[in-house]
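K.L.:
I am attaching a structure below and will ask some questions about it afterwards.
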Amino acid sequence: MSITVGVDLGARSYDIHVGRGLLERGGALAAPLLGEKRVFLVTDEVVAPLHAARLEAGFAAAGIAVNRIVLPAGEQTKTWSELGRLLDRLLDLRPERRSVLVALGGGVVGDITGLAASLLLRGVDFIQAPTTLLAQVDSAVGGKTAVDAPQGKNLIGSFHQPRLVLCDLDALATLPHRELAAGYAEVVKYGLLGDAAFFEWCEAHAAALLAGDDGARAHAVAESCRAKARIVGADEREAGQRALLNLGHTFAHAFETAAGYGDALLHGEAVGFGMCLAFDLSVELGLCPPEDAARVRRHVAAVGLPTGLPQGEWRIDRLLALMAQDKKARGGLTFILARGIGDAFVAHDVPAEPVRRLLAAIGAS
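Under my numbering, think of the first position of the sequence shown as 23, with each following residue one higher.
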């Protein structure tokens, strides 16, 4: 039994399936979308031994051959050079314009595979099979594909929508608690940016979700996908309201880049802390009630996400420079701010001084 969420993009519309056992059913679900009886599976060294066999068995049962490519694991794989190596390996397998790539893994695998699909033979189709909570509720949906650059995170990429998304809840059982909590940051984001009632649900059910409750996980993933599908359907290329999905990300991407994309700060951890700072900045600018910012911080801390920076050298000028070149920027600092929980908006030309004070207060120098 699974839940189906549609992403309405006209001729490029697609379904997101949420449930258990979806990797085993992947071949049957994908078969109507394929132009040939083979797919190119891209995964990584951590995910492959955990989940690849289940997905490959599902495709085999549908009479579909699988060519597997295994990438190094980690954010360090999302680079231009690794993208080039992936494309070389794909080309060696002699794909056709009707070929389909399948991304099996977290956000890194999904992002680099989607970008490769957009470039290979001037564009082929791909399927997302996200195996982390973060990827299931965010990066696998919506068609943003990218690799990182020394200048910043996700600065080289394209919009390329998948044909199908398979959110198999069984895959979440293999995640360490830290990875689950990091993914949860992207769940609670949907409540904070536009749905106060969903944030209340998160406050009541986060512990059960993180402890493994199937119902809580299914509801969280499906509701997050519905929220993202609505926004993407209305603003596919981020001309307006889609930017709201970046709540906390202007801070987060700057922290990740300054930290060198290492294991000291996971993306979801940076987003969780970044959302706290976005609400703090909103209070500083007189936009948001202080009690709302305090409530956000309490919840982020309650689920085990950091509410401070890891040890290291954090330079304010470097962080401000990274924020100024964020993809949402229009000549000045751009943030997603909030008038309260569930009421976020895009703010351009935010003055640097309150941001500088905020960074100093969290230990940057």
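Every residue, glycine too, gets a C-beta built ideally from N, C-alpha and C.
Flag this pair as yes or no: are the beta carbons of alanine 138 and leucine 188 separated by less than 8 Å?
P.N.:
no
K.L.:
Taking Cβ to Cβ, would you say glycine 364 is nearer than 8 Å to phenylalanine 221?
P.N.:
yes
K.L.:
For serine 35, count the other beta carbons within 10 Å of its own beta carbon; 16 or more makes it buried, fewer makes it exposed. Which is it?
P.N.:
exposed
K.L.:
Tell me which residue opens and which closes the alpha helix (DSSP H) that valine 243 is part of.
P.N.:
Start and end: 236-256.
K.L.:
Start and end of the beta strand (DSSP E) containing valine 210?
P.N.:
From DSSP, valine 210 is part of no beta strand (DSSP E) but of the alpha helix (DSSP H) over 199-216.
K.L.:
I need the straight-line Cα distance from alanine 315 to arginine 361, nearest angstrom please.
P.N.:
10 Å
K.L.:
With H, G and I counted as helix, E and B as strand and the rest as coil, what does DSSP make of threonine 279?
P.N.:
helix
K.L.:
Please report the straight-line C-alpha distance between glutamate 208 and lysine 166, rounded to a whole angstrom.
P.N.:
15 Å
K.L.:
In the DSSP output, what is cysteine 310 paired with across the bridge?
P.N.:
Cysteine 310 pairs with nothing; no bridge assigned.
K.L.:
Would you decide whether histidine 199 is buried or exposed? Buried here means 16 or more other CB atoms lie within 10 Å of its CB.
P.N.:
Residue burial annotation: histidine 199 is exposed, with fewer than 16 other C-beta atoms found within 10 angstroms of its C-beta.
K.L.:
Report, in whole angstroms, the separation of the C-beta atoms of valine 122 and alanine 151, which I expect to be a contact under 8 Å.
P.N.:
Incorrect: roughly 12 Å between the Cβ atoms, too far for contact.
K.L.:
How should glutamine 173 be labelled, buried or exposed, when 16 other C-beta atoms within 10 angstroms of its C-beta is the threshold for buried?
P.N.:
With fewer than 16 Cβ atoms within 10 Å of its Cβ, glutamine 173 is classed as exposed.
K.L.:
Leaving out five residues on either side along the sequence, give the residues of the same chain with a beta carbon under 7 Å from the beta carbon of tyrosine 283.
P.N.:
Glu97, Gln98, Asp170
K.L.:
Please check the pair leucine 341 and alanine 386, which I expect to be a contact at CB under 8 Å, by giving their CB distance rounded to whole angstroms.
P.N.:
6 Å
K.L.:
Closest to proline 71 by CA distance: which of Arg90, His370, Gly205 is it?
P.N.:
Arg90
K.L.:
Alpha carbon to alpha carbon, how far is histidine 275 from isoleucine 338?
P.N.:
The straight-line gap from Cα to Cα measures roughly 14 Å.
K.L.:
If I follow the unbroken beta strand (DSSP E) through glycine 41, where does it start and stop?
P.N.:
36-41
K.L.:
From this set, Val64, Glu118, Ala83, Ala84, which residue's C-alpha is nearest leucine 93's C-alpha?
P.N.:
Measuring from the Cα of leucine 93, the nearest candidate turns out to be Val64.
K.L.:
Would DSSP call isoleucine 134 helix, strand or coil?
P.N.:
helix
K.L.:
Under a three-way DSSP split, which group does histidine 271 fall into?
P.N.:
helix
K.L.:
What do you get for glutamate 260, buried or exposed, if any count of 16 or more other CB atoms within 10 angstroms of its CB means buried?
P.N.:
buried
K.L.:
For the segment 244-255 against the segment 23-39, do three or more pairs of beta-carbon atoms, one drawn from each stretch, fall closer than 8 Å, so that the two count as touching?
P.N.:
yes
K.L.:
I'd like to confirm the pairing. Which residues does DSSP put opposite alanine 87 in its beta bridges?
P.N.:
Arg60
K.L.:
Quick one: residues in its chain with C-beta nearer than 8 Å to the C-beta of leucine 266, no 5 flanking neighbours on either side, listed in chain order?
P.N.:
Leu215, Gly216, Ile253, Ile358, Ala366, Phe367, Val368
K.L.:
Apply the 10 Å Cβ neighbour rule to leucine 143 and answer buried if 16 or more other Cβ atoms are within range, or exposed otherwise.
P.N.:
exposed
K.L.:
Just to confirm, is the Cβ distance from leucine 156 to alanine 204 under 8 Å?
P.N.:
yes
K.L.:
Just to confirm, are tyrosine 206 and valine 325 a CB contact at a threshold of 8 Å?
P.N.:
Closer than 8 Å, so yes.
K.L.:
Among the candidates Val146, Ala300, Asp133, whose CA atom is the shortest distance from the CA of valine 163?
P.N.:
Asp133
K.L.:
So who's on the other strand from proline 152, going by DSSP bridges?
P.N.:
Gly127
K.L.:
Considering only the beta carbon of each residue, do glycine 290 and aspartate 190 sit closer than 8 Å?
P.N.:
No; because the gap between Cβ atoms is not below 8 Å, this pair is not in contact.
K.L.:
Hey, how far is the Cα of glutamate 258 from the Cα of alanine 195?
P.N.:
32 Å
K.L.:
Output the distance between the C-alpha atoms of leucine 31 and arginine 379, rounded to the nearest integer angstrom.
P.N.:
C-alpha separation (whole angstroms): 42 Å.
K.L.:
If the criterion is Cβ atoms closer than 8 Å, does the pair isoleucine 86 and alanine 240 meet it?
P.N.:
No, Cβ-Cβ distance for isoleucine 86 and alanine 240 is not below 8 Å.
K.L.:
Under a three-way DSSP split, which group does alanine 369 fall into?
P.N.:
strand
K.L.:
Let's see if you can read the secondary structure: which residues bound the alpha helix (DSSP H) around isoleucine 338?
P.N.:
338-346
K.L.:
Identify every residue that forms a DSSP beta bridge with aspartate 190.
P.N.:
Under DSSP, aspartate 190 forms a beta bridge with Gly41.
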